[in-house]
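A.B. asks: Pasting a structure here, questions to come.
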Amino acid sequence: MKQRSIDSTLFKWPAAAPALLASSCSQCGAVAFPTATSCKACGSLAVNEIELPRSGTLWAWTVQRFMPKTPYHSSETAETFKPYGIGYVELPGALRIEARLTENDPQKLEVGLPMTLTFYVHRVDADGTEVMNYAFEPVRGDMQ
Amino acid sequence: MRVAIVGVGIHPFGRTPGRSGIEQGAYAARLALEDAGVAWKDIQFGYGGSYAAGNADAVGNELGLTGIPFTHVLNACATGGSSLISACREIQSGASELGLVVGFDKHDRGAFNAHPSEYGLGDWYGEIGMMLTTQFFAAKLQRYMHDYGITSDALARVANKAYRNGALNPNAWRRTPIDLEEIKSSTMVNDPLTKYMFCSPSEGAAALVICREDIAHRFTKKPVYVRAAVMRTKKFGAFEVYGTSVSLDGVPNASMQASKAAYEMAAVGPEDIDFAQLQDTESGAEIMHMAENGFCAHGEQERMLRDGETDLNGRLPINTDGGCLANGEPIGASGLRQIYETVLQLRGAAGERQVPGSPTLGYTHVYGAPGISAVTILER
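Quick mapping for you: the protein sequence lines, in order, are chains A and B.
Residue numbering for the first sequence follows our numbering, starting at 29 and increasing by one per position.
Residue numbering for the second sequence follows our numbering, starting at 16 and increasing by one per position.
As structure tokens, then:
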């Protein structure tokens, strides 16, 4: 099965040990997700690609209950759409990043919940290519 | 030199089938001109904008093509604020003495569907379902409620107040009061926010005639003066709408920056403000913006709302015309609607929803994508 990253500024796919990527500025030290060609803090072009930690804690969250209009692009239809969790996950020592969550039950989401990085098939393109996206899932065993 | 607002006009907000956004803008402009007793041919310049309903200078097709410089402003939720700031500079520079500011819009039903590329984001951001301002507001609120003990009761009280005030405003869209239980139990959209806690994209227009302070009395007995008008964009690392990452440093957001700058410009503090119009895209936004604009400590809102302190007859009335919740949000018109309402209140001409006690200082605040805010402080 052919697979690709939805956007290579987020993560490389396939990869032996996939991780989220960020730009780290060699001038001012700012770190921003995803990678870019310049620093969002100071504008310097001297940025390096770094890998972000794979686990952190849930900092803020909500659940997207209705199917978004275009530019949302998944393989879902109005009938098959499932609400999805959205949140900001705090990666210790790095930053908080916006991400889809694998959990969509508000009863199972709370600030401070330990989370870990995962990847899922967001859609299948017309040529059969599976388009991979990143998400965070609650660390197993933590929830009742 | 201060700039004076000497005429105001509004086109009712909501849905007006068969009337374009530009026509609604011209309608509001005619009322503002009439209010100031000014002929369109005497207006020396214009600033204005819409997000989705055309170029502001096209109101000339309705009012008459007089050849004046008319600049279209496209600055999302800050379109009205940015138009007013530019118009004030035009007057303060000495280039002109009498001008028009107009904002209008006409949006389709349902959530906005902005494209990531308009904000410098990759297509992926929209494709995976993050290009929704509602998610940001809900997630920010979820964190805020966790940190400061705000409850869903307070969220419902904000919406309940908005619809009560809207019922007293003949130009509002939502004019039927909704009780607390119905607000809380309506369909959940983005947890913890239900349907009645969100505003919707709508239609409408508002316009101002402004002039040099020293000639204001030619046009009105009750000029309202612009003590401050500022706009700010997001700083790196702040927690803002359409932000892919947030720094751990707690950087002040655009609203906090704009608010601080406005108080400095006006040389007043939040304790001097008699009433305020705050961005209430959803009911939690009003609550968070109360603190971000300096009107209370974080968490104090729960008690203030329970005690009715932000009601029309309270200590600090907020969103006296029903805000975005009761008026909807035609982006280009929304900030000028707040200013229109503030001028009416300062003139003592707000009818059934008039704030008591002859208020002298009013405050307006908008916030929107992708992390921009405009604040004005107006004085009679």
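By construction, the Cβ of each residue, glycine as well, lies at the ideal position given by its N, Cα and C atoms.
Because the structure is a prediction, the values reported are computed rather than measured.
Taking only the alpha-carbon atoms, compute the straight-line gap between B:Ser-274 and B:Met-303 and give it to the nearest angstrom.
C.D. replies: So the two alpha carbons sit approximately 13 Å from each other.
A.B. asks: Do the segment 186–198 of chain B and the segment 314–323 of chain B touch if we need at least three Cβ pairs shorter than 8 Å?
C.D. replies: Verdict: no, contact absent.
A.B. asks: At a CB-CB cut-off below 7 Å, which residues of chain B make contact with A:Tyr-100?
C.D. replies: Chain B residues near A:Tyr-100: Gly-141, Glu-142 and Gly-144.
A.B. asks: Would you say A:Ala-69 faces chain B, with C-beta separation under 8 Å as the test?
C.D. replies: Interface residue, yes.
A.B. asks: Leaving out five residues on either side along the sequence, give the residues of the same chain with a beta carbon under 8 Å from the beta carbon of B:Val-88.
C.D. replies: Excluding sequence neighbours, B:Val-88 sits near Tyr-62, Gly-63, Gly-64, Ala-71, Thr-94, Ser-97, Ser-98 and Ser-101.
A.B. asks: Between which residues of its own chain and B:Leu-351 is the CB-CB distance below 6 Å, once the five residues before and five after are set aside?
C.D. replies: Excluding sequence neighbours, B:Leu-351 sits near Gly-95, Gly-118 and Ala-221.
A.B. asks: Can at least three beta-carbon pairs, one atom from the segment 57–64 of chain A and one from the segment 73–89 of chain A, be found at a separation below 8 Å?
C.D. replies: Yes, since at least three Cβ pairs between the segment 57–64 of chain A and the segment 73–89 of chain A fall closer than 8 Å, the two stretches touch.
A.B. asks: Roughly how many whole angstroms lie between the Cα atoms of A:Pro-134 and B:Leu-115?
C.D. replies: In a straight line, the C-alpha of A:Pro-134 is about 49 Å away from that of B:Leu-115.
A.B. asks: Per DSSP, B:Val-358 forms a beta bridge with which residues?
C.D. replies: B:Val-358 pairs with nothing; no bridge assigned.
A.B. asks: Between A:Gln-55 and chain B, is there a C-beta pair that is closer than 8 Å?
C.D. replies: False, the Cβ-Cβ gap to chain B never drops below 8 Å.
A.B. asks: How far does the alpha helix (DSSP H) with B:Arg-190 in it extend, from its first residue to its last?
C.D. replies: Premise fails: B:Arg-190 is in no alpha helix (DSSP H) and is neither H nor E.
A.B. asks: So with CB distances below 7 Å, who are the chain A contacts of B:Arg-17?
C.D. replies: None at all; the shortest Cβ gap to chain A is about 36 Å.
A.B. asks: Restricting to Cα atoms, I'd like to know which of B:Ala-174, B:Asp-120 and B:Cys-92 is closest to B:Phe-213.
C.D. replies: Considering only alpha carbons, the answer is B:Ala-174.
A.B. asks: From A:Leu-49 to B:Leu-263, what distance separates their C-alpha atoms?
C.D. replies: Answer to the nearest angstrom: the Cα atoms are 17 Å apart.
A.B. asks: Check this for me: beta carbons of A:Tyr-112 and A:Asn-132, under 8 Å apart or not?
C.D. replies: Taking 8 Å as the Cβ cut-off, A:Tyr-112 and A:Asn-132 qualify as a contacting pair.
A.B. asks: Given B:Arg-34, which residues of its chain have a CB within under 7 Å of its CB, disregarding the five upstream and five downstream residues?
C.D. replies: Closer than 7 Å at the Cβ level, and outside the excluded window around B:Arg-34, lies no residue.
A.B. asks: For B:Ile-143, which three-state DSSP category applies?
C.D. replies: Coil.
A.B. asks: The alpha helix (DSSP H) that contains B:Ala-341, what's its start and end?
C.D. replies: Its alpha helix (DSSP H) spans residues 338–342.
A.B. asks: With 16 as the cutoff for other CB atoms within 10 Å, does B:Thr-375 come out buried or exposed?
C.D. replies: Label assigned to B:Thr-375: exposed.
A.B. asks: Which residues of chain B have a Cβ atom closer than 7 Å to the Cβ of A:Leu-123, listed in chain order?
C.D. replies: Going along chain B in sequence order, the residues near A:Leu-123 (Cβ under 7 Å) are Ser-260, Val-261, Ser-262 and Leu-263.
A.B. asks: CA-CA distance, A:Thr-105 and B:Ser-298?
C.D. replies: Approximately 31 Å between the Cα atoms of the pair.
A.B. asks: Beta-carbon separation of A:Leu-141 and A:Leu-86 under 8 Å?
C.D. replies: In contact: A:Leu-141 and A:Leu-86 (Cβ atoms closer than 8 Å).
A.B. asks: Does the CB of B:Gln-150 have a neighbour CB from chain A at under 8 Å?
C.D. replies: Chain A, which has a Cβ nearer than 8 Å to the Cβ of B:Gln-150, makes this yes.
A.B. asks: When you compare only the Cα positions, how much space is there between B:Val-261 and A:Glu-138?
C.D. replies: Cα to Cα, the separation comes out at about 19 Å.
A.B. asks: At which residue ranges does the segment 139–166 of chain A contain complete beta strand (DSSP E) runs of 3 or more residues, listed in the order of the chain?
C.D. replies: As far as the segment 139–166 of chain A is concerned, its whole beta strand (DSSP E) runs of at least 3 residues are 142–152 and 158–166.
A.B. asks: Which same chain residues end up closer than 8 Å to B:Arg-362 when comparing Cβ atoms and leaving out the 5 residues on each side of it in sequence?
C.D. replies: Closer than 8 Å at the Cβ level, and outside the excluded window around B:Arg-362, lie Lys-237, Val-239 and Arg-395.
A.B. asks: Does DSSP put B:Gln-292 in a helix, a strand or coil?
C.D. replies: Of the three classes helix, strand and coil, the one that applies to B:Gln-292 here is strand, per DSSP.
A.B. asks: Do you know how far the Cα of A:Val-91 is from the Cα of A:Ser-102?
C.D. replies: Rounded to the nearest angstrom, the two C-alpha atoms are 17 Å apart.
A.B. asks: Against A:Ala-60, what residues of chain B qualify as contacts under a CB-to-CB distance less than 9 Å, listed in chain order?
C.D. replies: Under the 9 Å cutoff, chain B gives Phe-251, Gly-252, Thr-259, Ser-260 and Ser-262.
A.B. asks: With 8 Å as the C-beta to C-beta threshold (strictly closer), list the residues of the segment 116–128 of chain B near chain A in chain order.
C.D. replies: Listed in sequence order: Gly-125, Ala-126 and Asn-128.
A.B. asks: Pull up the distance between the alpha-carbon of B:Gln-150 and that of B:Val-256, whole angstroms please.
C.D. replies: Approximately 9 Å between the Cα atoms of the pair.
A.B. asks: Quickly, what does DSSP pair B:Met-305 with across the bridge? List them, please.
C.D. replies: In the DSSP output, where bridge partners are listed per residue, B:Met-305 has none listed.
A.B. asks: When you compare only the Cα positions, how much space is there between B:His-232 and B:Arg-17?
C.D. replies: Roughly 14 Å between the two C-alpha positions.
A.B. asks: Quick check on DSSP: helix, strand or coil for B:His-131?
C.D. replies: As written in the sequence, residue 131 of chain B is Pro, which differs from the His given in the question. Helix at B:Pro-131.
A.B. asks: Given a limit of 7 Å on CB to CB distance, which residues of the segment 121–151 of chain A reach chain B?
C.D. replies: The segment 121–151 of chain A vs chain B, Cβ under 7 Å: Leu-123, Arg-124, Ile-125, Glu-126, Arg-128, Pro-134, Val-139 and His-150.
A.B. asks: In three-state terms, what does DSSP make of A:Gln-55?
C.D. replies: Residue state, collapsed to three classes: coil.
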